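Engineer: Below are the structure tokens for one structure; questions will follow.
There are 2 protein chains.
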Amino acid sequence: MTEPSIVFYDIPSNFSTNCWSPNLWKTRYALNFKGLSYKTVWVEYPDIEPQCKKIGADPTSTKADGRPHYTLPVIQDLSTGAVISDTTRIAQYLDATYPDKPLLMPAGTAGFHLAFQEAAHALISPIYPYGLPASQLKMNPSSAEYFRRTREISWGKSLEDLTPKGDLDVAEWKKLKDGFTKIDEWFQAGGKENLYFMGEKPCYADLWMTSYAMWISLSLPDKWEDMKTWNGGKWAKLLKSLEQYATVV
Amino acid sequence: MTEPSIVFYDIPSNFSTNCWSPNLWKTRYALNFKGLSYKTVWVEYPDIEPQCKKIGADPTSTKADGRPHYTLPVIQDLSTGAVISDTTRIAQYLDATYPDKPLLMPAGTAGFHLAFQEAAHALISPIYPYGLPASQLKMNPSSAEYFRRTREISWGKSLEDLTPKGDLDVAEWKKLKDGFTKIDEWFQAGGKENLYFMGEKPCYADLWMTSYAMWISLSLPDKWEDMKTWNGGKWAKLLKSLEQYATVV
Numbered sequence: 000m001t002e003p004s005i006v007f008y009d010i011p012s013n014f015s016t017n018c019w020s021p022n023l024w025k026t027r028y029a030l031n032f033k034g035l036s037y038k039t040v041w042v043e044y045p046d047i048e049p050q051c052k053k054i055g056a057d058p059t060s061t062k063a064d065g066r067p068h069y070t071l072p073v074i075q076d077l078s079t080g081a082v083i084s085d086t087t088r089i090a091q092y093l094d095a096t097y098p099d100k101p102l103l104m105p106a107g108t109a110g111f112h113l114a115f116q117e118a119a120h121a122l123i124s125p126i127y128p129y130g131l132p133a134s135q136l137k138m139n140p141s142s143a144e145y146f147r148r149t150r151e152i153s154w155g156k157s158l159e160d161l162t163p164k165g166d167l168d169v170a171e172w173k174k175l176k177d178g179f180t181k182i183d184e185w186f187q188a189g190g191k192e193n194l195y196f197m198g199e200k201p202c203y204a205d206l207w208m209t210s211y212a213m214w215i216s217l218s219l220p221d222k223w224e225d226m227k228t229w230n231g232g233k234w235a236k237l238l239k240s241l242e243q244y245a246t247v248v
Numbered sequence: 000m001t002e003p004s005i006v007f008y009d010i011p012s013n014f015s016t017n018c019w020s021p022n023l024w025k026t027r028y029a030l031n032f033k034g035l036s037y038k039t040v041w042v043e044y045p046d047i048e049p050q051c052k053k054i055g056a057d058p059t060s061t062k063a064d065g066r067p068h069y070t071l072p073v074i075q076d077l078s079t080g081a082v083i084s085d086t087t088r089i090a091q092y093l094d095a096t097y098p099d100k101p102l103l104m105p106a107g108t109a110g111f112h113l114a115f116q117e118a119a120h121a122l123i124s125p126i127y128p129y130g131l132p133a134s135q136l137k138m139n140p141s142s143a144e145y146f147r148r149t150r151e152i153s154w155g156k157s158l159e160d161l162t163p164k165g166d167l168d169v170a171e172w173k174k175l176k177d178g179f180t181k182i183d184e185w186f187q188a189g190g191k192e193n194l195y196f197m198g199e200k201p202c203y204a205d206l207w208m209t210s211y212a213m214w215i216s217l218s219l220p221d222k223w224e225d226m227k228t229w230n231g232g233k234w235a236k237l238l239k240s241l242e243q244y245a246t247v248v
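Here the protein sequences line up with chains S and R, keeping their order. Residues 0 to 248 in numbering that gives the first Met the number 0 are what the first sequence spells out, letter by letter. Residues 0 to 248 in numbering that gives the first Met the number 0 are what the second sequence spells out, letter by letter.
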């Protein structure tokens, strides 16, 4: 058996799946969906920047203090020498480099996928104050310490205070449900019975949404009990249907 | 020659094209793109609500005081009896009813078109304080009076004060350019040389964007001189290329 030619850098946890972050799920779903052979290298938070610099991965943004911000996912394609950061750029790279494998973004939909992500991300943004603190509880010690320290600075509050509680929980959870409901209307625009965004086959927009459903199902089982009833069970059905692409190798 | 079976209700003006509103251009481009035979009935603002009620057109939203808000475009398809309001619903109706004509939203992209409009509309929203006052100056008297009265209430200021001036003009016009530039990135995602959003052929997203370019080119020639240089001349090229679908009948 030959060695996989793609190295996927992911962030570990104590969840049963090890993989937990929605952005990392997006890339993992993408690699599995395309049926590419890859191996995972697990990188704790404090090691992300040194690891990225070592393999020549670009930063994905700039920190408040002006320094480059290195994030995962990153993939390293040993067969082409390419090192790609950022979920969207990875998906575009995989389609461009492996066009004979199932397309994440079918012909003509690359721009639509960017517009979808822009609009959908604004609608689901209330998810972070729920998912981030719950995920931190399951990180390994070095990541847990790093994540708490850096996120408490960027959010300006403790992770415990970040989690919506009481009336704020009711309001924010409803806002999240309204966002998912709006996105469900887009899913239904092509046909009310459609499970997938484009109809017959899943595309990257499906994997993208499912990554958030996966995140809540792992990190907040009680909230997931509610979310899985939303929109006629839409998100639970989608998660189940894409289970075949959730393999962690 | 048979009588056209689609009646298109549009709002007149003193612009050379008569048609002026970006939402009306969307539907006009759509009808021409599909090659459907239609006739225009021109309706002044004070007559929109009575006309809609007369033909059984649904309101498209609710006013601040709770009353239904009737808007154009509306189409009346005499061959099916359907009366449809709202640009997006009209485009969906035309594709569903006339699937053998060129598709505005090609198979699998109905949901993507909704996401595109959601994201793009947020990015181009600085356009209204420019286009609305300039358009009012070219309306016929009854529309001009109605439009000024109702819009000055909804915007909470005179149309003259609505138009950005001085530093605000610089800031808002830049915000609009940034929005168009972001959308241009989506256009380029499928290929840097692509003129059309999905590549080879125009789709409703192209007609949608061009409707705003058309609006500025008609109502604010000085601003258009600047806008047509944006993004390598993208919007001028798109407007020119879709000229064949801008026929006003």
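Virtual Cβ for every residue (Gly too), placed ideally from N, Cα, C. Owing to the predicted nature of the structure, the values given are computational and were not obtained by experimental measurement.
Can you look up S/Gly198 in the DSSP assignment and give me helix, strand or coil?
Structural biologist: Against the first sequence, residue 198 of chain S aligns to sequence position 199. Note: S/Gly198 maps to strand in three-state DSSP.
Engineer: Output, in chain order, the set of chain R residues within a Cβ distance shorter than 7 Å of S/Trp249.
Structural biologist: Outside the displayed range of chain S (0 to 248) lies residue 249 of chain S, so it cannot be described from this structure.
Engineer: Comparing C-alpha positions only, which one of S/Ala133, S/Glu151, S/Lys156 sits nearest to S/Ser216?
Structural biologist: As a working note, residue 216 of chain S is residue 217 in the first sequence. Checked all of S/Ala133, S/Glu151, S/Lys156; the closest Cα to S/Ser216 is S/Ala133.
Engineer: Tell me, which residues are paired with R/Asp46 by DSSP?
Structural biologist: By 1-based counting over the second sequence, the position of residue 46 of chain R is 47. Answer by DSSP bridge pairing: none, since R/Asp46 is not bridged.
Engineer: When you compare each of R/Ile126, R/Lys239, R/Ala204 to R/Glu177 by their alpha carbons, which one comes out closest?
Structural biologist: Within the second sequence, numbered from 1, the residue matching residue 177 of chain R stands at position 178. For the sequence presented, residue 177 of chain R should be read as Asp rather than Glu. Selection R/Ile126, R/Lys239, R/Ala204 evaluated against R/Asp177 yields R/Ile126 as nearest (Cα-Cα).
Engineer: Within the 7 Å Cβ cut-off, does S/Gly189 reach chain R?
Structural biologist: The count along the first sequence starts at 1 and reaches residue 189 of chain S at position 190. It does; some Cβ of chain R falls within 7 Å.
Engineer: Interface residues of chain R around S/Gly198 at Cβ under 8 Å?
Structural biologist: Along the first sequence, read from residue 1 onward, the residue named residue 198 of chain S stands at position 199. Residues of chain R passing the Cβ test: Ala106, Gly107.
Engineer: From the beta carbon of S/Leu113, is the nearest beta carbon of chain R less than 7 Å away?
Structural biologist: Indexing the first sequence from 1 puts residue 113 of chain S at position 114. Yes, because at least one Cβ of chain R sits closer than 7 Å to the Cβ of S/Leu113.
Engineer: Does any CB atom of chain R fall closer than 7 Å to the CB of S/Trp214?
Structural biologist: As a working note, residue 214 of chain S is residue 215 in the first sequence. Not one chain R Cβ lies under 7 Å of S/Trp214.
Engineer: Taking a contact to mean a Cβ-Cβ separation below 7 Å, would you say S/Ile182 touches S/Ala95 in this structure?
Structural biologist: The count along the first sequence starts at 1 and reaches residue 182 of chain S at position 183. The count along the first sequence starts at 1 and reaches residue 95 of chain S at position 96. Contact: no.
Engineer: Cα separation between S/Ser20 and S/Ile10?
Structural biologist: Residue mapping note: residue 20 of chain S aligns to position 21 of the first sequence, counting from 1. Residue mapping note: residue 10 of chain S aligns to position 11 of the first sequence, counting from 1. Cα-Cα distance, rounded: 8 Å.
Engineer: Span of the beta strand (DSSP E) holding S/Thr39?
Structural biologist: Here residue 39 of chain S is taken as the residue at index 40 of the first sequence, counted from 1. Its beta strand (DSSP E) spans residues 37-41.
Engineer: Measuring alpha carbon to alpha carbon, tell me which residue in S/Leu35, S/Cys18, S/Phe14 is nearest S/Glu2.
Structural biologist: Stepping through the first sequence from its first residue, residue 2 of chain S is reached at position 3. Checked all of S/Leu35, S/Cys18, S/Phe14; the closest Cα to S/Glu2 is S/Leu35.
Engineer: Between the region 158-185 of chain S and chain R, which residues of the former have CB atoms less than 9 Å from a CB of the latter, in chain order?
Structural biologist: Lys181, Ile182, Glu184, Trp185
Engineer: For S/Ala143 and chain R, any beta-carbon pair shorter than 7 Å?
Structural biologist: Residue numbering aside, residue 143 of chain S sits at position 144 when the first sequence is read from its first letter. Taking CB atoms only, S/Ala143 has no neighbour in chain R less than 7 Å away.
Engineer: Let me know if R/Val42 comes out buried or exposed under the rule of 16 or more other beta-carbons within 10 Å of its beta-carbon.
Structural biologist: As a first step, residue 42 of chain R is located in the second sequence; it is residue number 43 there, counting from the start. Looking at its Cβ environment, which holds 16 or more other Cβ atoms inside 10 Å, R/Val42 is buried.
Engineer: Taking just the CA atoms, how far does R/Leu237 sit from R/Glu224?
Structural biologist: Numbered from its first residue, the second sequence carries residue 224 of chain R at position 225. Numbered from its first residue, the second sequence carries residue 237 of chain R at position 238. Roughly 15 Å separates the two Cα atoms.
Engineer: Under the three-state reduction of DSSP, which class applies to S/Thr70: helix, strand or coil?
Structural biologist: The residue you call residue 70 of chain S lines up with position 71 of the first sequence. Correct three-state label for S/Thr70: coil.
Engineer: So if DSSP puts S/Tyr8 in a beta bridge, which residue, or which two residues, is it bridged to?
Structural biologist: Position 9 of the first sequence, counted from the first residue, corresponds to residue 8 of chain S. The partner list for S/Tyr8 (beta bridge, DSSP) reads S/Val40, S/Val73.
Engineer: Given R/His68, which residues of its chain have a CB within under 8 Å of its CB, disregarding the five upstream and five downstream residues?
Structural biologist: In the second sequence, counting from the first residue as 1, residue 68 of chain R sits at position 69. If we look at R/His68 and ignore the five residues flanking it on each side, its Cβ neighbours are Pro58, Thr59, Ser60, Thr61, Lys62.
Engineer: Check this for me: beta carbons of R/Met37 and R/Ile5, under 7 Å apart or not?
Structural biologist: By 1-based counting over the second sequence, the position of residue 37 of chain R is 38. By 1-based counting over the second sequence, the position of residue 5 of chain R is 6. The amino acid occupying residue 37 of chain R in the given sequence is Tyr; Met does not appear at that position. Result yes, Cβ atoms of R/Tyr37 and R/Ile5 sit closer than 7 Å.
Engineer: From R/Leu167, R/Asn13, R/Met104, pick the residue whose C-alpha is nearest to that of R/Lys137; which is it?
Structural biologist: Walking along the second sequence from the start, residue 137 of chain R turns up at place 138. The shortest Cα separation from R/Lys137 among R/Leu167, R/Asn13, R/Met104 belongs to R/Asn13.
Engineer: Taking the beta carbon of S/Ala106 as the centre, do at least 16 other beta carbons fall within 10 Å, making it buried, or is it exposed?
Structural biologist: Looking up residue 106 of chain S in the first sequence gives position 107. Looking at its Cβ environment, which holds fewer than 16 other Cβ atoms inside 10 Å, S/Ala106 is exposed.
Engineer: Around the C-beta of R/Asp254, are 16 or more other C-beta atoms found within 10 angstroms, so that it is buried, or is it exposed?
Structural biologist: The requested residue 254 of chain R is not part of the displayed model; chain R covers only 0 to 248.
Engineer: Could you tell me the alpha carbon to alpha carbon distance between R/Ile290 and S/Thr162, rounded to whole angstroms?
Structural biologist: Residue 290 of chain R falls outside the range modelled here, since chain R spans only 0 to 248, and no answer is possible.
Engineer: Alpha carbon to alpha carbon, what distance is there between S/Ala56 and R/Tyr92?
Structural biologist: Numbered from 1 along the second sequence, position 93 holds the residue referred to as residue 92 of chain R. Numbered from 1 along the first sequence, position 57 holds the residue referred to as residue 56 of chain S. Those two C-alpha atoms are separated by around 47 Å.
Engineer: Could you name the residues of the same chain whose beta carbon sits closer than 7 Å to that of R/Leu175, not counting the 5 residues immediately before and after it, in chain order?
Structural biologist: Position 176 of the second sequence holds residue 175 of chain R. Counting only Cβ-Cβ distances below 7 Å, and skipping sequence neighbours, we find Ile123, Pro125, Ile126.
Engineer: Give me the chain R residues within the contact set of S/Gly110, using Cβ-Cβ distance strictly less than 7 Å, ordered along the chain.
Structural biologist: Position 111 of the first sequence, counted from the start, is the residue given in the question as residue 110 of chain S. Ordered by position in chain R, the residues that pass the 7 Å Cβ test against S/Gly110 are Trp185, Phe186, Ala188, Gly189, Phe196.
Engineer: According to DSSP, simplified to helix, strand and coil, what is R/Val247?
Structural biologist: In the second sequence, counting from the first residue as 1, residue 247 of chain R sits at position 248. In the structure shown, R/Val247 sits in coil (DSSP, three-state: anything other than H, G, I, E or B).
Engineer: Give me the residue from R/Arg66, R/Tyr97, R/Asp85, R/Leu194 with the minimum Cα distance to R/Thr79.
Structural biologist: Translated into positions along the second sequence, residue 79 of chain R becomes position 80. Checked all of R/Arg66, R/Tyr97, R/Asp85, R/Leu194; the closest Cα to R/Thr79 is R/Tyr97.
Engineer: Tell me whether R/Gln243 is buried or exposed, calling it buried when 16 or more other Cβ atoms sit within 10 Å of its Cβ.
Structural biologist: Residue numbering aside, residue 243 of chain R sits at position 244 when the second sequence is read from its first letter. When all chains shown are included, R/Gln243 counts as exposed.
Engineer: Buried or exposed: which applies to R/Ser15, given that a residue is buried once 16 or more other Cβ atoms fall within 10 Å of its Cβ?
Structural biologist: Position 16 of the second sequence, counted from the first residue, corresponds to residue 15 of chain R. By the 10 Å Cβ count, R/Ser15 comes out exposed.
Engineer: What are the uninterrupted segments assigned as beta strand (DSSP E) that are 3 or more residues long and contained completely in the region 75-115 of chain S, given in chain order?
Structural biologist: Secondary structure remark: continuous beta strand (DSSP E) runs of at least 3 residues inside the region 75-115 of chain S, in chain order: 81-84.
Engineer: With a threshold of 16 other CB atoms inside 10 Å of the CB of S/Thr209, please say whether the residue is buried or exposed.
Structural biologist: Translated into the one-based positions of the first sequence, residue 209 of chain S becomes position 210. Counting Cβ neighbours within 10 Å, S/Thr209 comes out buried, since at least 16 surround it.
Engineer: Going by DSSP in three states, R/Thr162 sits in which element: helix, strand or coil?
Structural biologist: Stepping through the second sequence from its first residue, residue 162 of chain R is reached at position 163. Note: R/Thr162 maps to coil in three-state DSSP.
Engineer: Under the three-state reduction of DSSP, which class applies to S/Ser157: helix, strand or coil?
Structural biologist: As a first step, residue 157 of chain S is located in the first sequence; it is residue number 158 there, counting from the start. Three-state result, S/Ser157: coil.
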